[in-house]
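In what follows, a structure is listed as structure tokens, so that the remarks can point back to it.
Number of protein chains: 2
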Amino acid sequence: MEGISGEACSLAGHWGLGKLIALYDDNHISIDGSTDIAFTEDVCKRFEAYGWHVQQVADGNTDLAGIAKAIEAAKAVTDKPSLIKITTTIGYGSPNKANTAGVHGAALGPEEVKLTRENLGWPYEPFVVPEEVLNHFRKAVERGAGYESEWNQTWATYRQKYPEEAAEFERLLRGELPADWDANLPSYTPEDKAMATRKHSEICLNAIAPKLPELIGGSADLTHSNLTELKCSGDFQKGQYQNRNIHFGVREHGMAAICNGIALHNSGLIPYCATFLVFADYLRPALRLSALSQAGVIYVMTHDSIALGEDGPTHQPVETLASLRAIPNLLVIRPADGNETSGAYQVAIQRRKQPTLLALTRQNVPNLAGSSAANVAKGAYTLVDCQGTPDLILIGTGSEVSLCVKAAEVLAANGKKVRVVSMPSWELFEEQSPEYKASVLPTGVKRLAVEAATSFGWCRYADATVSIERFGASAPGNVCMEKFGFTVDNVVAKANALLG
Amino acid sequence: MEGISGEACSLAGHWGLGKLIALYDDNHISIDGSTDIAFTEDVCKRFEAYGWHVQQVADGNTDLAGIAKAIEAAKAVTDKPSLIKITTTIGYGSPNKANTAGVHGAALGPEEVKLTRENLGWPYEPFVVPEEVLNHFRKAVERGAGYESEWNQTWATYRQKYPEEAAEFERLLRGELPADWDANLPSYTPEDKAMATRKHSEICLNAIAPKLPELIGGSADLTHSNLTELKCSGDFQKGQYQNRNIHFGVREHGMAAICNGIALHNSGLIPYCATFLVFADYLRPALRLSALSQAGVIYVMTHDSIALGEDGPTHQPVETLASLRAIPNLLVIRPADGNETSGAYQVAIQRRKQPTLLALTRQNVPNLAGSSAANVAKGAYTLVDCQGTPDLILIGTGSEVSLCVKAAEVLAANGKKVRVVSMPSWELFEEQSPEYKASVLPTGVKRLAVEAATSFGWCRYADATVSIERFGASAPGNVCMEKFGFTVDNVVAKANALLG
């Protein structure tokens, strides 16, 4: 019923995933009772429409041979995924609860278990494994040992024949990165031209992709907006499974779930996926599972503020950063420029037990004096400092760091002692020692945070904010930024107000 | 491609919505280029599988008569929704951009517009409306006037024949509530037995439903967990459209989107929908649109904390409340007991330009001395006070308010002056006057917030929290609560630590 199944299964059909066999236990019961009250579509026909090979087993309660036969037939179809619809009775054998929602979410209970055993002619005590069953499973284990030894043989031959490829494969299985994987990540000086951090992200992806064959991913129909194409590879398509650019279509939820699958498969693959930041909502259930399941998926989320402009409030994230920072075990990084984007990728690629979400600008941002890739790993650092104890600390993230730098210059010209802290990641900052944290954000110094998003949560670090407490608006990006107060004048005014 | 279309269209087929006609502009282009790179399913077959009536128009560029004929045929089918797949060329007529993604998200530009006009033989200047077109639209307007006068005639007759029903219908169109709509909302005293707030919610829904025929809704396959059934009505099903209990199936996203449609239809209907609180993620894109579009949908979200127990971290909201409070124009209410649940419904039903989300417990909570339905509208209020200026304010929400009351008793017995504030809604509290806010939460008094959720955002109101900074765990609900520190002892310890 869930839409995500439609997204993922349509892609499975498109890709012709012949090794995928789904057994659909069609027992006609969900929590509310018979599925007839909400679900009367023709599922087999729908899966045929997706391009699947579809079979039905009419009596899944007793026709085990029929199920086995259908699985064999599904294996024989190698250019399409297979659905086997198996009609069963939920709670089969229970005299009083079979075919009811009562057995969907609750246990039968001791009395009904007893009646069911009697009804099915099962004479054994609980936890007794009859000889016949034991033998059956022992045979399966023996068969497995045979398969394993066969595989080991094959692998040994392969290893001898292709030592380089074998070493790479083994590296992947160990989850190790090659020593020089990040050697080509670029660094920048203020003389380098202003670029969008999404563009820096594209450069990073293409700097590491040739050294990391395990990097695979793509966008939900926004490839040339998210800038996520790997130039060193073709498109992952039916029959072209060696390629690494995945076109997910407009299917954000399916995209993130597929990336979870790739990350948790223990094959060493590093999946990334992409859409606009505001559409994080569309994949949020799978993103939560990335965090909960420790899946090292990299979320490349561009167009990260009202500065994206004309598309208006439906496309402009405002509450999105806060809602993401609230998720346990999710790393959110909003880099300020080219160096910080390189630093963000250094962190994201190395964190294999944690998803990382990159919030990237659509618009150009300058390369900042003092910005640092290495400091991204610390979450926050002093970008511009003053002599002695500051009167005020301006904390910026992403595209607002350069605004903080300019405002600090004006404030300094007016005799204020101002420090600028760039804070690409709250979560990474929280990992630091209390000493480091106090060195960047000493207590007793007033702090003003500047971020083109809601202030929700910022009270943890700041006494006041330049922020947005409503949905955005449709206008050119620079007009939006100005109208919402992301100007040097307004930051200076807010700073002076805070200083009293 | 998006899963939500599958959810909604499967329901439309199930319900046999014969008045729904969808024109599918099949131009084979999405932002990334040809849809062939990600979308090769048989859409017509999929919609047939959903139970739709399906037609195709092969040449939507020029065959206008074919489109008109298909629409007439679709109208004639009254027991099924209709899909008309119309194959077109995107940017039809443009010599250089037709049939490319270049015309999906960008304008043609003046030069290409000129070429397109020439190519299509359109001799008029921009913004000139030729006589023929003007006449065509004038005829349509005249036809519309005829239809309107016909309708007014019908309505006048109906009004005369059924004055009571007509008055009710006109009330709905005016968006007014009947004077005594909330007369049967219950109130409670501490002597009344402890109940889950989801149970209180069920009582509220059934207390107002007979007086509010416009109340319509249901659950995403959790009816008997969310407790959202209206006893005064049957199930909304094919041919039984007079009924008000909707079974959405396991389709949270489609459910919320359908409720947005109902709320924005200006028919006066008040939609509600329901699932577990943690699954707010699954409908979040539609919930954001409720807030952005000012749709007065009521979200009945039960099982609102780790106290739900065994289902474990996949089902236990931790970051969910924070992520919802961050959304502009969304009202989040977490009532503490029966009175506050009645108060929550009073607010939710009356707010027709704003969605309201109710966070409700699975577990029983006591009815509190001093709790008040009316005070819910203030967002926060003093539930238990001390003599003079408090040393400490304990702020609780929902199921943790009773814990605060007990902890306050222990602290008071140890000579501390403690106030307990029940804070069912941050957003409603923020609407109050500065004087009221200062009277409930005076500055200079230490505050400890207690909520079985992340502390994210609580720094706005509290100096410290008893909260959860990780995903939950699978154990009986009371064990979870104890292990995560939601005990009188721990609250008292944290309070004493805060008081130094």
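Residue numbers (my numbering), protein chains in the order written: chain S, 3 to 502; chain H, 3 to 502.
We put the CB at the ideal spot given by N, CA and C, even for glycine.
How close, in whole Å, do the beta carbons of S:Leu326 and S:Leu332 come, if the pair is a contact with beta carbons under 8 angstroms?
-> 6 angstroms
N- and C-terminal bounds of the beta strand (DSSP E) containing H:His249 | Run containing H:His249: Asn247 to His249, per the beta strand (DSSP E) assignment.
Taking 8 angstroms as the threshold, find out whether the segment 349 to 357 of chain S comes into contact with the segment 282 to 299 of chain S through three or more Cβ pairs.
-> yes
When you compare only the Cα positions, how much space is there between S:Ser427 and S:Ser227?
-> 23 angstroms
Cβ of H:Val320 within 8 angstroms of any chain S Cβ = yes
Starting from S:Met504, find everything on chain H with Cβ-Cβ shorter than 8 angstroms and list it in chain order.
-> For chain S, the structure presents residues 3 to 502; residue 504 of chain S sits outside this window and is missing.
Counting only runs of 4+ residues fully inside the segment 248 to 276 of chain H, write out the alpha helix (DSSP H) ranges in chain order.
-> 254 to 266
Quick one: what's H:Val386 bridged to in DSSP?
-> In the DSSP output, where bridge partners are listed per residue, H:Val386 has H:Val422.
What is the DSSP secondary structure of S:Ser7, reduced to helix, strand or coil?
-> helix
Option in H:Ser373, H:Val420, H:Ala376 and H:Lys380 with minimal Cα separation from H:Gly390 | H:Val420
Comparing the C-beta of H:Ala324 with each C-beta of chain S, is any distance below 8 angstroms?
-> It does; some Cβ of chain S falls within 8 angstroms.
Might you give, ordered along the chain, the residues of its own chain that have their beta carbon closer than 6 angstroms to the beta carbon of H:Ala24, omitting 5 neighbours on each side?
-> Leu85
Within 8 angstroms, strictly: CB atoms of S:Met483 and S:Ala309 = yes
Alpha-carbon spacing of H:Ala376 relative to H:Asp81, whole angstroms | About 46 angstroms.
Return the chain-ordered list of same chain residues with a C-beta closer than 7 angstroms to the C-beta of S:Lys233, the five sequence neighbours on each side being excluded.
-> Asn208
Taking C-beta pairs closer than 7 angstroms, name the residues in chain S that H:Thr456 reaches, listed in chain order.
-> Ala328
Same chain, Cβ closer than 6 angstroms to S:His55, five either side skipped, listed in chain order | Val79, Lys82 and Ser84
Which word fits S:Phe509, buried or exposed, when buried means at least 16 other C-beta atoms lie within 10 angstroms of its C-beta?
-> Because chain S here runs from 3 to 502, residue 509 of chain S falls outside it and cannot be looked at.
Taking only beta carbons into account, state which residues of the segment 38 to 59 of chain H come closer than 7 angstroms to chain S, listed in chain order.
-> Ile39, Ala40, Phe41, Thr42, Glu43, Asp44, Lys47, Arg48, Glu50, Ala51, Tyr52 and Gly53
Curious, which full-length alpha helix (DSSP H) runs of at least 4 residues does the segment 54 to 87 of chain S contain?
-> Counting only runs of 4 or more, we get 66 to 78.
Just the C-alpha distance for S:Pro125 and S:Pro112, rounded to the nearest angstrom, thanks.
-> 15 angstroms
Just to confirm, are H:Val320 and H:Cys406 a CB contact at a threshold of 8 angstroms?
-> no
Closer than 7 angstroms, Cβ to any Cβ of chain H: which residues of the segment 267 to 295 of chain S, in chain order?
-> Asp283, Tyr284, Arg286, Pro287, Arg290 and Leu294
Report yes or no: is there a C-beta of chain S within less than 8 angstroms of the C-beta of H:His16?
-> yes
Flag this pair as yes or no: are the beta carbons of H:Asn366 and H:Ser189 separated by less than 8 angstroms?
-> no
Give the straight-line distance between the Cα atoms of H:Asn245 and S:Asp28, rounded to the nearest whole angstrom.
-> The straight-line gap from Cα to Cα measures roughly 28 angstroms.
Can you list, in chain order, the residues of its chain whose CB lies under 6 angstroms from that of S:Pro215, leaving out five sequence neighbours each side?
-> So the list is empty, once near-sequence residues are dropped.
Could you tell me whether the Cβ of S:Ser32 comes closer than 8 angstroms to any Cβ of chain H?
-> yes
Exposure of H:Asn416, with buried meaning 16 or more beta-carbon neighbours within 10 Å | exposed
Would you mind working out which of S:Ile92, S:Leu450, S:Met3 and S:Ile395 sits nearest H:His16, comparing C-alpha positions?
-> S:Met3
Mind listing the chain S neighbours of H:Phe238? Cutoff is C-beta to C-beta under 9 angstroms, in chain order.
-> Within 9 angstroms Cβ-Cβ: nothing; H:Phe238 doesn't reach chain S, min ~10 angstroms.
Segment contact flag, the segment 277 to 285 of chain S with the segment 249 to 266 of chain S, C-beta cutoff 8 angstroms, min 3 pairs = yes
Could you check which residue in S:Asn369, S:Ala475 and S:Glu120 has the C-alpha nearest to that of S:Lys194?
-> Checking the displayed sequence, the identity of residue 194 of chain S turns out to be Asp instead of Lys. Scanning S:Asn369, S:Ala475 and S:Glu120 for the CA closest to the CA of S:Asp194 turns up S:Asn369.
Which residues in chain H sit within 8 angstroms of S:Ile2, going by Cβ to Cβ distance?
-> This structure gives no information on residue 2 of chain S, because the portion of chain S shown stretches from 3 to 502.
How is S:Gln356 classed by DSSP in three states: helix, strand or coil?
-> coil
What residues from the segment 457 to 487 of chain H come within 8 angstroms of chain S, judged by C-beta to C-beta, listed N to C?
-> Phe458, Gly459, Cys461, Arg462, Glu471, Arg472 and Phe473
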